[in-house]
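Working notes, beginning with the structure itself.
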Amino acid sequence: MGATVATLAFCAWLLGGWGSPAARIAVEDLGFVVLALFVTACCGHAAWRFRGRQRRVWICVTIGMIGYAVGSAIWTYYEWWLAESPFPTAADIAYLMLPVFVCIGLLMVPVGASGYTHTRLALDGFIVAVAFFQIGWWTVLGEVFNDYSDATRFAVGVALAYPVLDLGVLTVAVLVLGRARTPQRRALTLLVSGMTLMAVADGVFVYTNAHDDVTVLTYGSVSWAAGLLLIALAALNPEKWVRGAAEADREISRMAMWLPYVPLVFAMIAALVRFAATPGLPPALLASVVLIVLVLLRQFIVVAENRRLLRAVEAQALQDPLTGLANRALFLDRLTHAMALHRRDEQSVAVLSLDLDDFKLVNDGLGHPAGDLLLVQAAERILGAARSSDTVARIGGDEFVVLMEGDTEDSHRVALQVLRAFDEPFVIDGHALLLCPSAGLAGASAGEPEISADTLLKQADVAMYTAKRSRIRGVHVYSASDMPDDAHPEADDRGAAAAAARKSTVAFQLLGQLRHAIANQELTLAYQPKFDLRDESIVGVEALVRWPHPERGLLGPDQFLQLVRDHGLMRPITELVLSQALNQTAEWRDMGLLVPVAVNVFAPSLSDLALPETVERALEERGLPHEVLTVEITEDLLLDNHERARAVIERLRQGGVRVAIDDFGSGYSALSYLRELYVDELKLDRGFVTAVLDDRRAAAIVRAVIDLANELGLTTVAEGVEDPETATLLRDYGCQVAQGYLYSAPLTPPDMLSLLKLRRPVPDAAIWS
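Read in our numbering, the sequence shown has 701 at position 699, and its numbers run on one by one without any break.
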């Protein structure tokens, strides 16, 4: 801002003509030296700040400005110190470095391909160059050529070099601006505008030397100063040159079509003015100019119509007909180009892959028209959450992808913003549907090993399917460990029950109601006490989730747990159960009843490395000892991610929380887990417990497991004990704890409180030692 004000004040001083001639010369010459050094510093800062092609462009401009600053210093030496104004001098050679290097820099601008062929690009260049030459010849070049007829060849060459090089810069500038994208165009427009003013000033300078007329030289000085200021503003523009969206491509095409003909229009106007001022000109010549103008107008109309038809064809070939987003072909084209920029300019690229969970359930439950409407609404939300520079595409039935260019942190922020767009339910045919997409993010940052566009897209897909399998609610960032060794990432065995649930309209409606119940914490807990088999005292309770359905009544977990597992609701339901169970335990503690509580933890909670901190924080917030909580896990969760589960279990036990393996014996690798994992308790699967009286093999297995647990120092809990004979046999086998309908069914919190008051718990018994 200060530099702008100072430059404007300098221009006002030049136009005002204040001070003595010697003072004006001194201020003007020194002012241009200072201004040139300031602009050089701005360009150098831009070259240091940016990377890739953008840096190389500003390096060239900086070199040109260094030459201009040196030329200003040499001219100041001649005019102020030696009191001479010779032409040409070494200052002119230095001055001419600016248009030369600016032209080189403009040729390095990373412009996008907009349908150009080499032939068309060459013809556009000739059109612009000839138009500028014609304008220049009738304004400056012709008179310079005539007025310097008696001068040396060097003087004539330098005099012509100014307008010729300036015309060359303007020609390249027009072609580059016609193909530049929006983020590039602001800085380029300032740079080209500055060079245009410099070209005007150069023309005034050459005209002044040719005619010995200094009356207009002041205007040339003002034009130089204004041009230098615009170059500085271009260098200070903070925008990085990144690839834009589809709208930017269409804008480029329009600019590329019309901009090369703008100089031609001015050339025609100049020709008409020149002909009108020339007496005795044949009417046929004027008619020829008019005819050329009419032909140009007709060509504009035809080209505009052709482009309209071409856009219609491109829309069919490159757009998804349902959502209007880019399709796979256009997305891959843009991704390929983005990866080329990544290799050339070290520009970061990221791809977000999205898959709408439960979309097939919508199609089967409400019909395909409802599914199509859902896709359109989902596309609108994704497009609204993404940036204008991002490319959003639909590449499959319910699969969307987003191409993001720029900083990696920005890409992750945009990905989270896209996910948040799905927080509100969709309203389809009167149904409120809450669908959560699985999201995977893969990126190629600056300095990382080079990868192809196909590889980056595949990595994003793998990350998305990893999120889908693990039921992660959030963005899963790709890592090398996500890639399966011998399976396609889409492999996701959901089981026959899950497949049936997806095809059922009833299951679809139930799923929506379940999501609503979890979000509004409408699920409740029942508590089944655990009894010491030796004296039948209460040693703890197990929290069991229940759903008070408004139409179906109280539903047990067997009636909705499959939906929970299949639709990624395990994490929120685990958090809800843990919170309610600890709240109830704290309430009982305040009544003098410290009751150990067991809570089932479902995947993906057991794969969450933050689970131990979450549990510890929940216990400390309620002032509960860590030993009061037992986390029950099942064998199938261990099979899913053994190493991560082991790490989480170890951290839980280090914090004092007890860990139990639920339904022990129902899997196939239980013994190996006992060797590798340190747990506190084994809960015998009810399938074995209920059969011990009638099945000798089951009895032998139960006895062997109890003996093994005792040898390892583990507590054994028998589930499903429903008769005294079974309880007696288990006690004889050495089992310590039992729960089942023999002792008590699952109770509501008030009923459980009554039982606890009647038979006070013994949490510190030797059973837990």
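In this text, a Cβ means the ideal position worked out from N, Cα and C, and glycines have one as well.
Everything numeric in this text was worked out from a predicted model, so none of it was measured.
Would you kindly check if the distance between the Cβ of residue j and the Cβ of residue i is under 8 Å?
i: L37; j: A227; result: yes
i: L334; j: A441; result: no
i: L421; j: V477; result: yes
i: A446; j: V394; result: no
i: R383; j: F424; result: yes
i: S74; j: V35; result: yes
i: T576; j: V630; result: no
i: L695; j: L731; result: yes
i: L235; j: V353; result: no
i: G196; j: P165; result: no
i: L343; j: A455; result: no
i: D682; j: A662; result: yes
i: V704; j: Y735; result: yes
i: V650; j: L626; result: no
i: Y70; j: M99; result: yes
i: S391; j: E407; result: yes
i: A133; j: A269; result: yes
i: V723; j: A740; result: yes
i: I635; j: V603; result: yes
i: F428; j: Q349; result: no
i: P531; j: V543; result: yes
i: L16; j: V224; result: yes
Using CA coordinates, which residue listed in the options is at the minimum distance from residue i?
i: E452; options: M341, L695, V691, L714; result: M341
i: F40; options: A237, R187, A163, Y221; result: A237
i: V208; options: G222, I663, Q656; result: G222
i: G742; options: K685, L755, A701; result: K685
i: A161; options: N712, M270, I95; result: I95
i: D168; options: T154, G205, V178; result: G205
i: G398; options: A331, M406, Q419; result: A331
i: Q561; options: V597, H414, L274, W549; result: W549
i: F361; options: S390, D400, M593, R389; result: D400
i: A747; options: F89, R310, A545, G657; result: A545
i: R415; options: L443, L435, I430; result: L443
i: L580; options: L274, L621, L16, A14; result: L621
Taking all protein chains shown into account, do 16 or more other C-beta atoms lie within 10 angstroms of the C-beta of residue i, making it buried, or fewer, making it exposed?
i: Q461; result: buried
i: S671; result: With a pLDDT of 47 at S671, under the threshold of 50, the modelled position of this residue cannot be trusted; read the value that follows with caution. When all chains shown are included, S671 counts as exposed.
i: T9; result: buried
i: A289; result: exposed
i: I294; result: exposed
i: V264; result: exposed
i: T6; result: exposed
i: M67; result: buried
i: W83; result: exposed
i: G107; result: buried
i: Y467; result: buried
i: E30; result: buried
i: A92; result: exposed
i: Y680; result: exposed
i: R660; result: buried
i: F666; result: buried
Would you report the Cα separation of residue i and residue j, rounded to the nearest angstrom?
i: L535; j: H628; result: 25 Å
i: V601; j: G367; result: 34 Å
i: M200; j: R58; result: 22 Å
i: A500; j: Q515; result: Note that A500 scores a pLDDT of 36, beneath 50, so its modelled location is shaky; the value from the coordinates is reported in the next line. Roughly 17 Å between the two C-alpha positions.
i: T154; j: W77; result: 21 Å
i: A465; j: L716; result: 39 Å
i: T371; j: I303; result: As written in the sequence, residue 371 is Pro, which differs from the Thr given in the question. Taking the straight line from one Cα to the other gives about 41 Å.
i: R53; j: W60; result: 10 Å
i: G46; j: D374; result: 54 Å
i: R345; j: A49; result: 19 Å
i: W140; j: T198; result: 17 Å
i: R188; j: V176; result: 14 Å
i: L563; j: V633; result: 18 Å
i: R300; j: A319; result: 29 Å
i: V479; j: I540; result: 46 Å
i: L512; j: E589; result: 32 Å
i: C438; j: M572; result: 14 Å
i: R567; j: D359; result: 13 Å
Give, in chain order, every unbroken run of the alpha helix (DSSP H) that is at least 4 residues long and sits entirely within the stretch 21-96.
-> If we require 4 residues or more, the alpha helix (DSSP H) runs fully inside the stretch 21-96 come out as 23-51, 54-78.
Starting from the N-terminal side, write out each stretch of the alpha helix (DSSP H) that is 4 residues or longer and does not extend beyond the stretch 581-656.
-> 613-623, 637-642, 644-656
Counting only runs that start and end within the stretch 396-461, where is the beta strand (DSSP E) found for 3 or more residues in a row?
-> Runs of the beta strand (DSSP E) inside the stretch 396-461: 401-407, 428-430, 433-435, 439-446.
Runs of beta strand (DSSP E) wholly within the stretch 684-765 (minimum 3 residues, chain order) | 717-721, 739-741
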